[in-house]
Amino acid sequence: MNYILIKNPEITHAEAIADICSRGWRQTVEGILSEEYQAKNIEYWYNYERVKKDIEAGSYSYVALLHSEVVGVIGGGKTKEETGEIFVLYVDENFRYKGVGRKLLKELTHQQIQEGISEQWVSVQENNDRGLPFYEARGFSLKEKRFTETETGEQQVSLRYSRKLKSY
């Protein structure tokens, strides 16, 4: 694969980030959550203005670029003194299984270690056959299962995974 550049996102990336996240999230919950809920969730989280504000606020940490085209995105932050969270990680379906997600996670992890974070957490949709193997292969282990009811009355199941981080 050609050279992938990992860098902080810019406002010019907002539309591509919204598109990648929308498509990736839909694929994750397809057949699990209703079309109605999917549309509401995407409208809330992945509309252009929201993504633009989240870029400005630092919620999206890095994008992966191939020839200036956004092919992946990761967002994370510090949630407690020594605890970090991965809020979002999506890779364009045409670039999956080519190391993009691994590179994004490595960059965020390095940043979080520099911030003094020693434990990293992520929530993964139950039955996510892309996300679960990805995180498990990188040392994350299941800690808990969370059940939430959506505004449409459906049950969403998130698996909470974590791993210890080591300073280099």
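For the sequence shown, the positions run 1 to 168 when the UniProt record's numbering is used.
For every residue, glycine included, the Cβ atom is placed at its ideal position computed from N, Cα and C.
{"Query": "Supposed contact pair Gly84 and Gln112 - C-beta distance, whole angstroms, cut 8 angstroms", "Result": "4 angstroms"}
{"Query": "Segment contact flag, the region 5 to 21 with the region 46 to 57, C-beta cutoff 8 angstroms, min 3 pairs", "Result": "yes"}
{"Query": "Inter-stretch contact (C-beta, 8 angstroms, three-pair minimum) for the region 135 to 142 and the region 24 to 32", "Result": "no"}
{"Query": "Straight-line gap, Asn128 to Gln114 (C-alpha atoms, nearest Å)", "Result": "30 angstroms"}
{"Query": "For Asp156, the residue or residues it bridges with in DSSP", "Result": "A quick correction: the sequence has Gln, not Asp, at residue 156. Bridge partners of Gln156: Thr148."}
{"Query": "Where the beta strand (DSSP E) containing Gly139 begins and where it ends", "Result": "Premise fails: Gly139 is in no beta strand (DSSP E) and is neither H nor E."}
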